[in-house]
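Undergrad: Before anything else, here's the structure in question.
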Amino acid sequence: QEVRSSEAIIGFLVSREFTVTKHYRGIKTAFKAEFGENEFGGKKKPNICLVCRYDAVRKKGHVNGNNLVVQATVAAALGLKAVIRASSSKIGKV
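For what it's worth, our numbering labels the leading residue of the sequence shown as 119, then goes sequentially.
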């Protein structure tokens, strides 16, 4: 049960201007974070989905490196957000 991890990640993404839906699909620690637009001027724009996996082994912590998966996924989301923001037109959503 990664409740604290989920809340920490959500808090970070909200502070970086992502719109977050908590308890996504009825799962207590799942969330959906979005930035950008998937439609502009009646035209569909690309959507990019990144999966953020985070879990720990009881009494051992993050022995499988899943904490690093979160860092890489969030870094990718921030990079894509920067590209979307720097674009002169609305180019999609992450």
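Every residue, glycine too, gets a C-beta built ideally from N, C-alpha and C.
Can you tell me whether residue 131 is buried or exposed, with buried defined as 16 or more other CB within 10 angstroms of its CB?
TA: Buried, since its Cβ has 16 or more Cβ neighbours within 10 Å.
Undergrad: Just the Cα atoms here: how many angstroms apart are residue 123 and residue 168?
TA: Cα to Cα, residue 123 sits roughly 17 Å from residue 168.
Undergrad: Rounded C-beta distance between residue 138 and residue 149? I'm assuming under 8 Å.
TA: So it is a contact: roughly 6 Å between Cβ atoms.
Undergrad: Under a three-way DSSP split, which group does residue 174 fall into?
TA: coil
Undergrad: Since residue 130 is in the alpha helix (DSSP H), which residue starts that stretch and which ends it?
TA: From DSSP, the alpha helix (DSSP H) with residue 130 extends over 121 to 133.
Undergrad: Let me confirm a value: residue 72 is counted as buried when at least 16 other C-beta atoms fall within 10 Å, else exposed. Which label applies?
TA: No statement about residue 72 is possible, as the shown extent of the chain runs from 119 to 212 and does not include it.
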